[in-house]
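Going by UniProt numbering, the residue at position 93 of the sequence shown is 93; the numbering climbs one at a time, nothing skipped.
All C-beta atoms, glycine included, are put in the ideal place defined by N, C-alpha and C.
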Amino acid sequence: MGLGVVSLLDAAFRRAFTSAGLRPGSATIDADTTVHFWAHRSLLRPSSSTAATAATDQKNQPRPVVVLVHGFGPGPTWQWAAQVGPLSRHFDLVVPTLLFFGASRTRAPARSEASQAAAVAALLTGGNGGERHLPGLVPGTGGRTVHVVGASYGGIVAYHLARALLQVQHGGGVAVGKVVVCDSDVTKGPEDDRALAARGGVEEVTELMVPADTKTMRRLTALSFHRPPKYMPECIARDLLRKALEGRREEKIELIKGMTTAGGSQLAPLPLEVLIVWGEFDQIFPLEKAYKVKDLGRRLR
Numbered sequence: 001m002g003l004g005v006v007s008l009l010d011a012a013f014r015r016a017f018t019s020a021g022l023r024p025g026s027a028t029i030d031a032d033t034t035v036h037f038w039a040h041r042s043l044l045r046p047s048s049s050t051a052a053t054a055a056t057d058q059k060n061q062p063r064p065v066v067v068l069v070h071g072f073g074p075g076p077t078w079q080w081a082a083q084v085g086p087l088s089r090h091f092d093l094v095v096p097t098l099l100f101f102g103a104s105r106t107r108a109p110a111r112s113e114a115s116q117a118a119a120v121a122a123l124l125t126g127g128n129g130g131e132r133h134l135p136g137l138v139p140g141t142g143g144r145t146v147h148v149v150g151a152s153y154g155g156i157v158a159y160h161l162a163r164a165l166l167q168v169q170h171g172g173g174v175a176v177g178k179v180v181v182c183d184s185d186v187t188k189g190p191e192d193d194r195a196l197a198a199r200g201g202v203e204e205v206t207e208l209m210v211p212a213d214t215k216t217m218r219r220l221t222a223l224s225f226h227r228p229p230k231y232m233p234e235c236i237a238r239d240l241l242r243k244a245l246e247g248r249r250e251e252k253i254e255l256i257k258g259m260t261t262a263g264g265s266q267l268a269p270l271p272l273e274v275l276i277v278w279g280e281f282d283q284i285f286p287l288e289k290a291y292k293v294k295d296l297g298r299r300l301r
């Protein structure tokens with residue numbers, strides 16, 4: 001029964017992506033790293049730059065691109081299924097799967113959010129190799145504006161991604177627009193991890209964020225949802241836990257530890273407009289943290 005429910009949900013979320021015009025793809029970033037992603041069909045085809053199509057291109061100006069970066073838990077189709085439909089009416093979407101989630105993987109040792117951002121930046125720009133993984137992202141008439149949106153852990157990655165894209169903006173043909181961080185404490189430090197672990201009733205934050213059993217997963221669910229489900233059969237809970245971990249529990253623990261180690265460093269403000277979106281009842285990153293994030297710069301609101 002549990003397997004059936006999770007499989008049906010997985011199929012429904014994938015269907016939401018394909019209905020929004022997104023198609024799956026995979027990019028070899030380097031000899032060690034592969035990134036899976038979903039992207040709008042227009043981004044998977046080279047953009048025409050010939051004179052014969054100039055008039056058509058003028059009428060059909062390329063739309064802004066929005067990159068959606070997921071957080072911990074199941075993959076991006078589970079986390080962005082409700083948003084891709086409405087957003088796809090106005091934007092061309094790119095939804096990467098972060099390293100050690102789904103089919104994205106690397107043999108490189110780095111586990112920080114900055115290394116996650118570097119992999120996504122290479123997907124968008126082609127990286128040092130110059131190969132265009134998304135050939136429609138850079139039309140011959142000029143670069144596309146890319147806006148970056150991230151939720152929870154994905155918001156922390158998104159902040160670093162925007163900085164990485166700024167560093168390659170002139171050579172990569174990708175103009176960075178606005179950044180949206182949703183319930184993402186980019187100023188997080190070890191003391192925040194200790195407080196979260198205490199709220200979850202565990203010794204270490206890794207025990208909560210990458211649970212080893214359904215009992216701990218239920219604690220995480222209670223903190224993650226304002227109105228968590230009142231009842232969840234154990235068989236469904238087990239299958240959801242397997243779906244969230246995807247056989248990568250140790251690697252995901254390393255991601256949490258890598259983020260904890262880097263969290264105490266002072267982040268420089270981005271020279272971009274940054275919109276902060278926060279849930280009033282968030283228990284992973286409490287609302288008061290939003291005001292600390294806002295102090296990073298005058299362009300945050």
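With a cut-off of 8 Å, do at least 3 Cβ pairs link the stretch 274-283 to the stretch 236-253?
Flag = no, the stretch 274-283 and the stretch 236-253 do not touch.
Return yes when the Cβ of residue 62 is within less than 8 Å of the Cβ of residue 91, no when it is not.
The sequence position of residue 91 within the sequence shown is 91, counting from 1. The sequence position of residue 62 within the sequence shown is 62, counting from 1. For residue 91 and residue 62, no; Cβs fall outside 8 Å.
Assuming residue 309 is part of the alpha helix (DSSP H), what are its boundary residues?
One cannot answer for residue 309 here, as it falls past the ends of the chain, which runs 1 to 301.
Using the C-alpha atoms, what's the distance from residue 230 back to residue 28?
On the sequence shown, residue 28 is found 28 positions in, with the first residue counted as 1. On the sequence shown, residue 230 is found 230 positions in, with the first residue counted as 1. Roughly 43 Å between the two C-alpha positions.
Considering only their Cβ atoms, is the gap separating residue 68 from residue 174 smaller than 8 Å?
As a first step, residue 174 must be located in the sequence shown, where it is residue number 174. As a first step, residue 68 must be located in the sequence shown, where it is residue number 68. For residue 174 and residue 68, no; Cβs fall outside 8 Å.
Is residue 270 helix, strand or coil when you go by DSSP?
As a first step, residue 270 is located in the sequence shown; it is residue number 270 there, counting from the start. Reduced to three states, the DSSP call for residue 270 is coil.
I'd like to know whether the C-beta atoms of residue 216 and residue 208 end up nearer to each other than 8 Å.
Translated into positions along the sequence shown, residue 216 becomes position 216. Translated into positions along the sequence shown, residue 208 becomes position 208. It is a contact, given that the beta carbons lie within the stated cut-off.
Drop a sphere of 10 angstroms on the beta-carbon of residue 191, count the other beta-carbons inside from all chains shown, and report buried for 16 or more, exposed for fewer.
Locating residue 191 in the sequence shown gives position 191, counting from the first residue. By the 10 Å Cβ count, residue 191 comes out exposed.
Please determine, among 82, 44, 88 and 186, the residue with the shortest C-alpha to C-alpha distance to residue 133.
Reading the sequence shown from its first residue, position 133 is the one you call residue 133. Ranking the options by Cα distance to residue 133, first place goes to 44.
Span of the beta strand (DSSP E) holding residue 26?
As a first step, residue 26 must be located in the sequence shown, where it is residue number 26. Start and end: 22-28.
By alpha-carbon positions, which one of 70, 219 and 108 ends up nearest to residue 155?
As a working note, residue 155 is residue 155 in the sequence shown. That would be 70, whose Cα lies nearest to the Cα of residue 155.
Could you check where the alpha helix (DSSP H) with residue 200 kicks off and where it finishes?
Mapped onto the sequence shown, residue 200 falls at position 200. Unbroken alpha helix (DSSP H) run through residue 200: 190-200.
How long is the line joining the alpha carbons of residue 235 and residue 248, rounded to whole angstroms?
Counting from 1 along the sequence shown, the entry for residue 235 is found at position 235. Counting from 1 along the sequence shown, the entry for residue 248 is found at position 248. In a straight line, the C-alpha of residue 235 is about 20 Å away from that of residue 248.
Can you say whether residue 225 is buried or exposed, counting buried as having 16 or more other CB atoms within 10 angstroms of its CB?
Residue numbering aside, residue 225 sits at position 225 when the sequence shown is read from its first letter. Exposed, by the Cβ-count rule.
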